[in-house]
Amino acid sequence: MSQRYPWPDSRRAALCVTFDFDGESPLLWRRRDDPPDDVAELEQRRYGPRRGIHHVLDVLERTGIRATFFVPGWIAHTYRSAVEEVHAAGHELALHGWCHEPPAALGEMELRDTLTRAADLLAEISGKRPVGYRSPSFKMSPEGFGVLSDLGVRYDSSVMGDDRPYLIGDLVEVPVDWATDDAIYYRYTGGESRPPYGANALYEAWHSEIEGAREAGSLVNLTMHPWQSGRPARALRLRRLVEAAQEYGDVWIGAVGDLAEHHRETGRHAGGSLDVPTDTLGWPR
Ligand SMILES: [Zn+2]
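Under the UniProt record's numbering, the residues of the sequence shown are numbered 1 to 285, in order.
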């Protein structure tokens, strides 16, 4: 029987509500060498920073929780007032590349430069340097962790090696899970072989994740995108989900940065906590 993790406020389990505030930046990165004439997916994604973000902020305000937004620098530059609103509402701003570049696609210098530029801009908006990072598309390189720690970043939230916070090198890892990423339910841009799942299907699945976490004493780290989860019916189900977690009364709900600091101070000393050296992360040779 593995030892239970000491969550903040002695809760049984934890829930982080996070948004990858991507807008069109992943598409701009992916099609940088062959930009399409078609505007359909650009406009679909622009819904996030234009409108979806406000539906999402309403949910957070109504439920009174603090969330984490991973914001590409390009988005903060292009939709600055939306990012300022996120900060003004008390949520955490964290790094997500300059224009959604996955670390393995960049050299170390380029990774350092893009993240420094993004961190400078987020610091200008919030008055505080970001301490967290999520890699675009959850793709992370072993070298990326070293670059993050050189830049003063304190936690990463990109990989799936545990269901509670752990250490990777000098960083706290607050793990994610594809099962709690809205994109696998909602992402539909016209060419997929299946229609998007309805909001109730996601609610049922994620409610089960919260039940499972209460049983096991683990973390549910939700990854959402305002252009997807910010649509009205989906935002409403998200609100119901957070309310259900709140009604349990034993689930800690908060920003990833706060949980990462809790792990640094307390959680890492608990029995069974993982401490993974970065030189063991890569493919065995
Ligand atoms: Zn992303």
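Quick reminder that beta carbons are idealized off the backbone N, C-alpha and C, glycines included.
### Message
ligand 1 and P226: does any heavy atom of the ligand fall closer than 6 Å to the residue's C-beta?
### Response
For the purposes of this step, residue 226 is identified with residue 226 of the sequence shown, where counting begins at 1. Every heavy atom of ligand 1 is 6 Å or more from the Cβ of P226, so no.
### Query
Taking the alpha helix (DSSP H) that A94 falls in, what are its first and last residues?
Taking the sequence shown and counting its residues from 1, one reaches residue 94 at position 94. Segment E92 to L95 is the beta strand (DSSP E) holding A94; no alpha helix (DSSP H) there.
### Query
Is it the case that the CB of D113 approaches a heavy atom of ligand 1 more closely than 6 Å?
Start at 1 with the first residue of the sequence shown, and residue 113 comes out as number 113. For D113, the CB stays at least 6 Å from every heavy atom of ligand 1.
### Task
Consider the C-beta atom of P284 and the heavy atoms of ligand 1; say whether any pair is separated by less than 6 Å.
The residue labelled residue 284 in the question sits at position 284 within the sequence shown. Relative to ligand 1, even the nearest heavy atom lies 6 Å or more away from the CB of P284.
### Message
Taking the alpha carbon of G52 as the reference point, which residue from P277, H269, P284 and G230 has its own alpha carbon closest?
### Response
In the sequence shown, counting from the first residue as 1, residue 52 sits at position 52. Selection P277, H269, P284 and G230 evaluated against G52 yields G230 as nearest (Cα-Cα).
### Pocket of ligand 1 defined by Cβ to heavy atom distance under 5 Å
Every residue passing the under-5 Å Cβ criterion appears here: D20, D22 and P136.
### Message
For I210, which residues in the same chain have their Cβ closer than 6 Å to its Cβ, ignoring the five residues on either side in sequence?
### Response
Taking the sequence shown and counting its residues from 1, the one referred to as residue 210 is at position 210. The beta carbon of I210 sits closer than 6 Å to those of V220 and A245, all from its chain and outside the five residues before and after it, given in chain order.
### N-terminal and C-terminal residue of the beta strand (DSSP E) that Y166 is part of
In the sequence shown, residue 166 corresponds to position 166, counting from 1. Counting along the chain, the unbroken beta strand (DSSP E) around Y166 starts and ends at Y166 to I168.
### Query
By the 10 Å Cβ neighbour count, where 16 or more other Cβ atoms means buried, how is T180 classified, buried or exposed?
Indexing the sequence shown from 1 puts residue 180 at position 180. So T180 counts as buried.
### Message
What would DSSP say about G23, mapped onto helix, strand or coil?
### Response
In the sequence shown, counting from the first residue as 1, residue 23 sits at position 23. Shown here, G23 sits in coil according to DSSP, grouped into three states, outside any helix or strand.
### Query
How many angstroms separate the CA atom of L236 from the CA atom of L202?
Translated into the one-based positions of the sequence shown, residue 236 becomes position 236. Translated into the one-based positions of the sequence shown, residue 202 becomes position 202. So the alpha carbons of these two residues sit roughly 12 Å apart.
### Query
Alpha carbon to alpha carbon, how far is I253 from D34?
Locating residue 253 in the sequence shown gives position 253, where the first residue counts as 1. Locating residue 34 in the sequence shown gives position 34, where the first residue counts as 1. So the alpha carbons of these two residues sit roughly 42 Å apart.
### Message
Classify T280: buried if its beta carbon has 16 or more other beta carbons within 10 angstroms, exposed otherwise.
### Response
Residue 280 sits at position 280 when you count from the first residue of the sequence shown. So T280 ends up on the exposed side.
#### Entry: Assigned secondary structure, W7 (DSSP; H/G/I helix, E/B strand, else coil)
Within the sequence shown, the letter at position 7 stands for residue 7. Coil at W7, not helix or strand.
### Task
Determine the closest residue to M160 out of E173, R154, V153 and D150, with distance taken between C-alpha atoms.
As a first step, residue 160 is located in the sequence shown; it is residue number 160 there, counting from the start. M160 has its Cα closest to that of E173, out of E173, R154, V153 and D150.
### Message
What ranges does the alpha helix (DSSP H) occupy inside the region 190-240, keeping only unbroken runs of at least 4 residues that lie completely in it?
### Response
Taking 4 residues as the shortest admissible run, the region 190-240 contains the following complete alpha helix (DSSP H) segments, listed from N- to C-terminal end: 199-216 and 226-229.
### Query
Looking at the structure shown, is Y188 part of a helix, part of a strand, or coil, going by DSSP?
For the purposes of this step, residue 188 is taken as the residue at position 188 of the sequence shown. Reduced to three states, the DSSP call for Y188 is coil.
### Query
At what residues does the alpha helix (DSSP H) containing W98 begin and finish?
Locating residue 98 in the sequence shown gives position 98, counting from the first residue. No alpha helix (DSSP H) contains W98, which DSSP labels as neither H nor E.
### Task
Specify whether the region 74-93 and the region 140-153 touch according to this definition: at least 3 beta carbon pairs, one from each stretch, less than 8 Å apart.
Counting Cβ pairs under 8 Å, fewer than three are found: no touch.
### Task
Provide the residue span of the beta strand (DSSP E) that contains F70, from first to last.
For the purposes of this step, residue 70 is taken as residue 70 along the sequence shown, with counting starting at 1. Unbroken beta strand (DSSP E) run through F70: T68 to V71.
### Message
Taking a contact to mean a Cβ-Cβ separation below 7 Å, would you say P226 touches G97 in this structure?
### Response
Position 226 of the sequence shown holds residue 226. Position 97 of the sequence shown holds residue 97. By the CB criterion at 7 Å, P226 and G97 fall outside the cutoff.
### Task
Pull up the CB-CB distance for A40 and G190, whole angstroms please, since I reckon it's below 8 Å.
Along the sequence shown, one-based indexing puts residue 40 at 40. Along the sequence shown, one-based indexing puts residue 190 at 190. The pair is a contact, with the Cβ atoms about 7 Å apart (cut-off 8 Å).
### Query
For A105, does the count of other Cβ atoms within 10 angstroms reach 16, so buried, or fall short, so exposed?
Reading the sequence shown from its first residue, position 105 is the one you call residue 105. Classification for A105: exposed.
### Query
Which word fits D113, buried or exposed, when buried means at least 16 other C-beta atoms lie within 10 angstroms of its C-beta?
Residue numbering aside, residue 113 sits at position 113 when the sequence shown is read from its first letter. Result: exposed.
#### Entry: Residues bridged to A13 [DSSP beta-bridge criterion]
In the sequence shown, the residue the question calls residue 13 occupies position 13. A13 pairs with V251.
#### Entry: Residue span of the beta strand (DSSP E) that contains V172, given as start and end
In the sequence shown, residue 172 corresponds to position 172, counting from 1. Where V172 is concerned, the enclosing beta strand (DSSP E) stretches over L171 to E173.
### Rounded Cβ spacing between M224 and D182 (contact assumed at less than 8 Å)
Residue mapping note: residue 224 aligns to position 224 of the sequence shown, counting from 1. Residue mapping note: residue 182 aligns to position 182 of the sequence shown, counting from 1. Sure, about 4 Å apart at Cβ, within 8 Å.
### Query
How about E24 and R46: are their beta carbons less than 7 Å apart?
Here residue 24 corresponds to residue number 24 of the sequence shown, with the count starting at 1. Here residue 46 corresponds to residue number 46 of the sequence shown, with the count starting at 1. In terms of Cβ geometry, E24 and R46 form a close pair [threshold 7 Å].
### Task
In angstroms with no decimal places, state the Cα-to-Cα distance between T266 and P6.
Position 266 of the sequence shown, counting from 1, holds the residue named residue 266. Position 6 of the sequence shown, counting from 1, holds the residue named residue 6. For T266 and P6, the gap between their C-alpha atoms comes out near 8 Å.
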